[in-house]
Every structure is written in C-alpha cells, then in structure tokens.
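There are 2 protein chains.
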Amino acid sequence: MDTDTEARSTQHEVVVIIGGGFGGLHVAKSLRRSSASIVLVDRRNYHLFQPLLYQVATAELEPANIAAPIREILHKQGNATVALGEVTSVDLENKLVQFDGGKIDYDYLVIASGLRQSYFGHDEFRAHAPGLKSIDDALEIRRRLLLAFEEAEWEADEQARRAKLTFVVVGGGPTGVELAGAIKDVASDILPTEFRNIRKDTAHVIIVDAGPRLVLAMPEDLGERARRVLEKMGVEIRQNVCVTDVTDGGVQIGDDFIAAENVFWAAGVQGQEWVKSLGVELDGCGRVFVGPDMAIPGHKNVFVVGDAAHAIDAKTGKPVPGLAQGAIQTGNFVAAIIRRELDGTNGRQRPAFHYHDKGSMAIIGRGNAIAAIGKRHFGGFFGWLTWCFVHVMFLVGFGNKLLVMADWFWNLIRRKRSARLITGDPEVHVKRLRA
Amino acid sequence: MDTDTEARSTQHEVVVIIGGGFGGLHVAKSLRRSSASIVLVDRRNYHLFQPLLYQVATAELEPANIAAPIREILHKQGNATVALGEVTSVDLENKLVQFDGGKIDYDYLVIASGLRQSYFGHDEFRAHAPGLKSIDDALEIRRRLLLAFEEAEWEADEQARRAKLTFVVVGGGPTGVELAGAIKDVASDILPTEFRNIRKDTAHVIIVDAGPRLVLAMPEDLGERARRVLEKMGVEIRQNVCVTDVTDGGVQIGDDFIAAENVFWAAGVQGQEWVKSLGVELDGCGRVFVGPDMAIPGHKNVFVVGDAAHAIDAKTGKPVPGLAQGAIQTGNFVAAIIRRELDGTNGRQRPAFHYHDKGSMAIIGRGNAIAAIGKRHFGGFFGWLTWCFVHVMFLVGFGNKLLVMADWFWNLIRRKRSARLITGDPEVHVKRLRA
Numbered sequence: 081m082d083t084d085t086e087a088r089s090t091q092h093e094v095v096v097i098i099g100g101g102f103g104g105l106h107v108a109k110s111l112r113r114s115s116a117s118i119v120l121v122d123r124r125n126y127h128l129f130q131p132l133l134y135q136v137a138t139a140e141l142e143p144a145n146i147a148a149p150i151r152e153i154l155h156k157q158g159n160a161t162v163a164l165g166e167v168t169s170v171d172l173e174n175k176l177v178q179f180d181g182g183k184i185d186y187d188y189l190v191i192a193s194g195l196r197q198s199y200f201g202h203d204e205f206r207a208h209a210p211g212l213k214s215i216d217d218a219l220e221i222r223r224r225l226l227l228a229f230e231e232a233e234w235e236a237d238e239q240a241r242r243a244k245l246t247f248v249v250v251g252g253g254p255t256g257v258e259l260a261g262a263i264k265d266v267a268s269d270i271l272p273t274e275f276r277n278i279r280k281d282t283a284h285v286i287i288v289d290a291g292p293r294l295v296l297a298m299p300e301d302l303g304e305r306a307r308r309v310l311e312k313m314g315v316e317i318r319q320n321v322c323v324t325d326v327t328d329g330g331v332q333i334g335d336d337f338i339a340a341e342n343v344f345w346a347a348g349v350q351g352q353e354w355v356k357s358l359g360v361e362l363d364g365c366g367r368v369f370v371g372p373d374m375a376i377p378g379h380k381n382v383f384v385v386g387d388a389a390h391a392i393d394a395k396t397g398k399p400v401p402g403l404a405q406g407a408i409q410t411g412n413f414v415a416a417i418i419r420r421e422l423d424g425t426n427g428r429q430r431p432a433f434h435y436h437d438k439g440s441m442a443i444i445g446r447g448n449a450i451a452a453i454g455k456r457h458f459g460g461f462f463g464w465l466t467w468c469f470v471h472v473m474f475l476v477g478f479g480n481k482l483l484v485m486a487d488w489f490w491n492l493i494r495r496k497r498s499a500r501l502i503t504g505d506p507e508v509h510v511k512r513l514r515a
Numbered sequence: 081m082d083t084d085t086e087a088r089s090t091q092h093e094v095v096v097i098i099g100g101g102f103g104g105l106h107v108a109k110s111l112r113r114s115s116a117s118i119v120l121v122d123r124r125n126y127h128l129f130q131p132l133l134y135q136v137a138t139a140e141l142e143p144a145n146i147a148a149p150i151r152e153i154l155h156k157q158g159n160a161t162v163a164l165g166e167v168t169s170v171d172l173e174n175k176l177v178q179f180d181g182g183k184i185d186y187d188y189l190v191i192a193s194g195l196r197q198s199y200f201g202h203d204e205f206r207a208h209a210p211g212l213k214s215i216d217d218a219l220e221i222r223r224r225l226l227l228a229f230e231e232a233e234w235e236a237d238e239q240a241r242r243a244k245l246t247f248v249v250v251g252g253g254p255t256g257v258e259l260a261g262a263i264k265d266v267a268s269d270i271l272p273t274e275f276r277n278i279r280k281d282t283a284h285v286i287i288v289d290a291g292p293r294l295v296l297a298m299p300e301d302l303g304e305r306a307r308r309v310l311e312k313m314g315v316e317i318r319q320n321v322c323v324t325d326v327t328d329g330g331v332q333i334g335d336d337f338i339a340a341e342n343v344f345w346a347a348g349v350q351g352q353e354w355v356k357s358l359g360v361e362l363d364g365c366g367r368v369f370v371g372p373d374m375a376i377p378g379h380k381n382v383f384v385v386g387d388a389a390h391a392i393d394a395k396t397g398k399p400v401p402g403l404a405q406g407a408i409q410t411g412n413f414v415a416a417i418i419r420r421e422l423d424g425t426n427g428r429q430r431p432a433f434h435y436h437d438k439g440s441m442a443i444i445g446r447g448n449a450i451a452a453i454g455k456r457h458f459g460g461f462f463g464w465l466t467w468c469f470v471h472v473m474f475l476v477g478f479g480n481k482l483l484v485m486a487d488w489f490w491n492l493i494r495r496k497r498s499a500r501l502i503t504g505d506p507e508v509h510v511k512r513l514r515a
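Given below as structure tokens:
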C-alpha cells in the first residue's frame, strides 16, 4: 500500500497497530483525536472477549456473544482503517510491515499481537489436545465435548465408555480451572435429564498441572480454595506432574497413562511466529523485551503492548501480568506517548509504565468463583456474583447486548445451555451399541 | 443394538425415526403417550429451523438462535431415545437400520431424512458454490460473504475488485430470493459506514434462474412482485438461463461468463444417498414414492414424511409441498396411524393424507416480504410484519428465546448485524493493496 506517499503529502503520520485485542483496540481508540492516520491489522475480523471464551467451549455462549467486528467498533473513528491480514514479518530498518498479500509503511508501530498456545515443543500434541485461544479452538472443544457424551450413550464396552467420558485438562491456570469446572457443570446439567444410559457421576474430569498449586498467578489461599471447590465437585487434580505424551487414547504422565479420549490444552503460551523476524531480544516464551516506555530498546517508534511484551512495572519491579487489564493499561499508556509526540508536546522524557492492579478473578463451576481485589481475597457465591457483574457489565458496554446477556444469565440460572450444537462434520466413533 | 430382544420382552414395539427435522420430531412427539419405544436417529445433534438459515449466512443470527439439541426437545419424553449417527442403509426385508457403527431393528420405520443440495450431476461445482442446507453451509457462505468485502476494501485492481464484489445466487426459489435480498442488505448496512474504499452500490448481486419466473411455487403475481422489489434494490435477475460451469473465477451461462468470486447455490435438491439402498421406486429427485397413507407401497410399516416423500394430496391430486408445514402435517398424520395400530384400534382402513395449505411466504430484503395465505396475496411492509410475527412466534415457542428474539428484532431495525464473524481459517487473497 502506498500510504507512505499519501501520509507524507497530507502530513499525517501513520500508526500501524498489529492486533485488535484489548491492547491494540485501546491504542486505536486513544488516538481518535490525534492527527495520526491509523491502520489496524488483524488476521481476524473481530475483537474477542477472551475471558469468556471457555463458555463458548462449554456451550453457554455463542461466538457472536463474546466477539464484535473490529470494523464496527472503529467505524465512527474517521482516522482509523482496518485491514484483515496475517502479518508475516516486520522490517524495523525500513519501517515496513509485511503481511499476506501486501505491505504497509509506518511511522509508529504498535505490536499488540498477543500470545498463542504453546505445546512446549510438542506441536504433535495439538491434534489430540486442542487449546483455547480462538473461537475456532472453542468450537472444536465444544464439538469434542458434546460428541463424547453422544458416543458414550451408545458405547457398550465399559472400558471404552470410561475413556470417552474422561476429560483431561492440561494446565491449572485460570483457563484450566474454569474449563474443568465448566465441563463438570455440563455433565451435571445434561446427563441426568437427556441421556438414558450414562449417569452424571460417570463423567470424569482431571486437571493435570506441572506447578505446585492451582492458579499460581493468584494468591495462595485462593489457589487452595479453588482446589477444595473443584475436588468437592468431583474434579481430580494432579499437581507437580508433566505430560510426556498425548495420543488418541490418552495422556502419558511419566509412568502413568490416563485413558481419555478428550484432552484439552490450557498449559502454555508463546509469542507469534512472525515476532522472531524483528531480530530483537525475546524471552523464553517469545515475548519481546521492552523498556519502561514499552518501546523496544533502540527502536523508539516501535512499541509492544499487552502480553506480547515482556514488561516490568517501573514502580514495583514485578512483571506486568498477561491479563486484559495489562493490555488495556499498556495500550492507553503507549497511545498517550504517541499522541504527545505527534502534538510536539514531548519536551520532557517519556514516562515509565506502572501497572494498576484492579484485581483478578476466576470462576470455578456455577455459583462459585475466586477473586483477589486489592488486599481482599474472597470466593464462593459472592465471588461468583462479583464475577458475573464485572463480566456482564463489560460485555454489555462492549456490544450493547443487554438482552442477550439477560438471556445468558437466565439460562445460567435454569442450567440451560442454548448453544449445544455439534457443528463441523461429526464422525461418530462407537465401537459397540447398547440399548 | 439389541433393542429387538428388549423390546419384545417388555412388549414395546420399536419405532425408529430417521431424521430430527420438522417431520421426524412431530412423529416422535405425537407418539409420546403411545406404548411404543422410539429411537430417533440423526447425524446432527440438533433440530434446525431451516427457514431462517439464510439469516445465519448473512450474519443476522447465530446458529444456536435457530437450532436446538434434539435431546433437549425430547428429554421429558420417557419413551424416546436419541442416537447421533449417519444412516448408511435400510434393510426392509429384515427390518433393520444400519448406521455408522451399529444397527437397529424396528417394527415401524419412519423416514424423515429430508433432502440435500443437488448440483444436477455436477458435484464439482460444490467447492466453488456452497449450498444452504446446513449450519455449516450457512457459516461457509457467511465466511465468504464477509471475506469478499474485506478483500475488496484493499484490492487496487479495478477488475479484480469487481469480481470480489459480485455475488451470484444460483436459483430463484424462496431460498435464492431471500439470500440475494439479504446480501444486498448486508452491503447497504456495512459498506457505507465501516469501509473506507468501497461504496455500497459496488456490491453486485445477480440471481441466475433456470425457470421462467421467481418463486415458481408461489402465485404468479407474487413472483412478479418479488422481481420488482429485488430489481428496485439493485439485484440483477437472469431468468431462463442454465449454469453450465462454475469455477473459481465465476459462472458460465451458455456463452456468457459472469466474473464473480462469490457463487452460492440455491438451485436444486435431491434425496439422501442411503435412500437408494431401500430398493424401492424413487422419483427424479430421489424422493420415495408413497401411497395415500404415506407408507411405501408393499411395506405397510415403513413411512416417509416431509420432503423425503413424493406424496400426492388425496383430495386435490396435487403434490404435497416440501415446506415445514408439509413435514409437520405428514409427521402428525403418520404418528396417528401408528398410534392407532399400536392400540389395536385399527379396525377401519388407514386414512389418506390431505394437506391443509396454511400459506407460504418469503422475505425480500428488510421491510419487504411476499405472502400467500388462503386466497389472499400480499406483500410489502405488511407482508414483512406478518413474516416476522409468524417466524418470531415460532422460534419463541421452539426455544423460549424471547429475549434473543427481541434482540434480533432490535438489531434488525437498527441494521446491526451482531454475528459478523469470520470463523474458520480465513486466507485472504488480495492481489494488490490500495490505500
């Protein structure tokens, strides 16, 4: 694209943003009154409210309930254009973003491309153990989950049926904990009423975690609370163990083999592949090291926001957490720097980023959640209500979907799962049938 | 499955129903108080409200808004079990349904498997021209439709851009008419506000129809009315022409080639492949000829309902139309026969099926529809309101989704399309970029 010529001729500096997640969108929106010409590139046409993705996987929500087209979000912002495309590389020397089918010159670049699932070097696990990073991932997990019950209903062989009804969640972070609890909820909701041959307590959910306790990023007492609640729900938790192999039939944990036809991966993250093309220093997860101004050292006009960055809080010296809040705050911070520099009011030095911890929470089954807000740690039903309130309010603001949210809440209470559809071409594998 | 032994021992006769559409579900529900043991087999786990499928394709609705799990629909009916599976053949001699992975014996069989898309012997067209019979079809059309706008936005080559913005709908029946109008609506809704480089009037929609006029199944004046409305909306209509080839780049119509990157197929239907295994007489579309009692001649205990049947109205001598109403009425009719025979109150002969015409309607763009109810033909805004009322009421009854429907109606009025997500792995094909 020849934005370069155009931008110069009209005196607009071009800010290219890679990624339309929380970080990228907040950069774009914060620059709405600036003189910059903004191009936001994403390989998806929608912004995704990732914290609720596991509810798409467990058939409580439909994709459109937690996603909105980036074009729609930015349509009133005259200085922003949106391009659908996958970035393949960035040439820092020539200030050029290369993506499939074209290239864009930039004056400022903001990398907000997030992280993808990591299988710790074992990409061959992916086929047997889908992750939970995109809507397609969530629909794949939904498909496998619902299909497992359908197949188990008619499976005559006891052992095969047990494997079909065993769900292994690899990873004990917030995603793993939320997914495991939700799977147990699905089983309780639909098995007793809709199935004739399988009972609800036959669905076996196991969390396999390499760490010493659940939700390591949250305070220890809440991790302990999560464990208690999950175990009471019937979820088995295996701590301090590493998955050494995943096959069609199950998961190998050292010498132990768990026969399970359903394995879901919520264990690790890594940077996008193209980030390597930057030729700058990355951490072990492939995140880009940034300075206190969120720029790449030596490249003042290239920022990284959200969890694509390895950033250190300037005040506390702690890493900035890879949460929606981290992305929003770093996005707004970077936009403010760019705005000031475009206005020519950058007399003083760039500020250093400090993270305001607004708390974190995770849901553990219906009617229960853990939350750490400031110094207060709480959980149970009150935690759950807090969780619902925060998330529903956020979603309502995000797409005006008040009615849909009311419907969601209503379904939640009645234990209805309206999105229980197996899409894609289901191949049913039942070895033997029973009446 | 050894239902045979079980059924005999408990004196329950087994009614196997193939298909959970309108026909199959009505058979199952009408037999809820009978002594029969019912097994409903479908290769999908959901019942689909097909009349609104095109709205999933055009991003107005999400799949779960128009589909509900068959298990949920039947969960209170103790004498019904549901099996997910694809029927591969039926052995009429041995009263046996074979499906992937197993088999079921039956006393009564009801075939309610509907019709699938037909490419009139050119199955190679399918890859270039998806049909609209399933949720996966609808999501594929949605993906292509939205991707076309995304690609056109950045396509610098005038001719290539025109091909990206040309949408050919093959078939001028209700589905073709509704889809074409809705595509034009999508373009009017989102192009002017959300795109910077393409104008709304650049989206070119063409209906290619082999017949002499649109919606042949409806009265002639309504077909004429549909044509007028669509042409006023800017839809081009080509009547009496046959598609001879479909490629990546467009559609061949005799000597004429229309360059179009988006071709959607709404032209023909045919019976399911496995129906041939029955070894009975089929019509040209692969529908099963049935007697006035909807049974296959010579096989009193095998019925065909819905549009899988080639049935003649006993009173009027006209074919029973392939509409939801036809399926519902034949389903209830057949269930009544089975119920009576199971009760032993079948002294008199089986009745002959007569179709009660409750009318038909089709939507033509937002705020306009055509309807034939009894001798009354009408259209325009009043037709549209009638259409909305009938369909919304139906859906509300069908899943208690009053809030979702209210949201849908609200979005419709504000021209918001909440389901505008490109899922699956979008590969963007843009030859050149423009600013």
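Chains A and X are the protein sequences, given in the same order.
Numbering-wise (our numbering), the first sequence opens with residue 81 and increments by one.
Numbering-wise (our numbering), the second sequence opens with residue 81 and increments by one.
Using N, Cα and C, we set each Cβ at its ideal position, and we do this for glycine too.
As the structure is a computational prediction, the values presented were derived from the model and not from experiment.
The beta-carbon of Asn342/A is placed no less than 8 angstroms from the nearest beta-carbon of chain X.
Around the beta-carbon of Ser115/X, fewer than 16 other beta-carbon atoms lie within 10 Å, marking it exposed. Note that the C-beta distance between Glu230/X and Leu164/A is below 8 angstroms.
For His155/A, the nearest CB of chain X lies under 8 angstroms from its own CB, placing it at the interface with that chain. In the assembly as shown, Glu341/A is a buried residue. Its beta-carbon has 16 or more other beta-carbons within 10 Å. Contact of Ala147/A with chain X by beta-carbon distance below 7 angstroms involves Leu501. Chain X places a beta carbon closer than 8 angstroms to that of Ile215/A, counting this residue as a contact. Using a 10 angstroms sphere on the CB of Met473/A, the tally of other CB atoms stays under 16, which defines it as exposed.
Between Ala218/X and Ala137/X, the C-beta gap is smaller than 8 angstroms, which places the two residues in contact. By DSSP's assignment, Met441/A forms a beta bridge with Ala451/A. In summary, Asn125/X is buried, with 16 or more beta-carbon neighbours lying within 10 Å of its beta-carbon over all protein chains present. Residue pairing by DSSP puts Thr161/X in a beta bridge opposite Val119/X. With respect to the C-alpha of Ala486/X, the residue from Leu141/X, Tyr199/X and Phe461/X having the closest C-alpha is Leu141/X.
Residue pairing for Ser169/X: DSSP places it in a beta bridge opposite Gln178/X.
When DSSP states are grouped into helix, strand and coil, Gln319/A belongs to the coil group.
Within the stretch 174-208 of chain A, the residues whose Cβ lies closer than 9 angstroms to some Cβ of chain X are Phe179, Asp180, Gly181, Gly182, Lys183 and Ile184, listed in chain order. For Phe458/A, the enclosing beta strand (DSSP E) begins and ends at Arg456 to Gly459. Within the stretch 266-286 of chain X, those residues whose Cβ lies closer than 9 angstroms to any Cβ of chain A are, in chain order, Ile270, Thr273, Glu274, Phe275, Arg276 and Asn277. In this structure, the straight-line span from the alpha carbon of His106/X to that of Lys438/X is close to 17 angstroms. Separation of Ile118/A and Val94/A (C-alpha to C-alpha, rounded to the nearest whole angstrom) is 6 angstroms. Taking Lys398/X as reference, the option from Thr425/X, Gly366/X, Phe413/X and His436/X with the minimal CA-CA separation is His436/X. For Leu226/A and Ala283/A, the gap between their C-alpha atoms comes out near 12 angstroms. Under the DSSP definition of a beta bridge, Phe433/X lacks any partner. Between Arg223/X and Thr503/X, the beta carbon gap of about 7 angstroms places them in contact (Cβ cut-off 8 angstroms). Beta-bridge pairing by DSSP links Ser193/A to no other residue. Between Gly445/A and Asp281/A, the C-beta spacing is not below 8 angstroms. For Lys183/X, the pairing in a beta bridge is given by DSSP as Gln178/X. Judged by DSSP secondary structure, Phe102/X falls outside any beta strand (DSSP E) and instead within the alpha helix (DSSP H) spanning Phe102 to Ser110. Residue pairing for Ser198/X: DSSP places it in a beta bridge opposite Gly348/X.
Between the stretch 317-336 of chain A and the stretch 189-198 of chain A there are fewer than three C-beta pairs closer than 8 angstroms, too few to call the two in contact.
Secondary-structure assignment with DSSP links Ile392/A through a beta bridge to Pro399/A. A buried status is given to Asp269/X, since no fewer than 16 other beta-carbon atoms sit within 10 Å of its beta-carbon.
When C-alpha distances from Ala389/A are compared across Arg430/A, Val360/A and Thr396/A, the shortest belongs to Val360/A. DSSP places Ala339/A in no alpha helix (DSSP H) but in the uninterrupted beta strand (DSSP E) bounded by Asp336 to Ala339. Separation of Phe469/X and Pro210/A (C-alpha to C-alpha, rounded to the nearest whole angstrom) is 42 angstroms.
Put simply, the backbone Cα of Phe369/A is about 7 angstroms away from that of Ile376/A.
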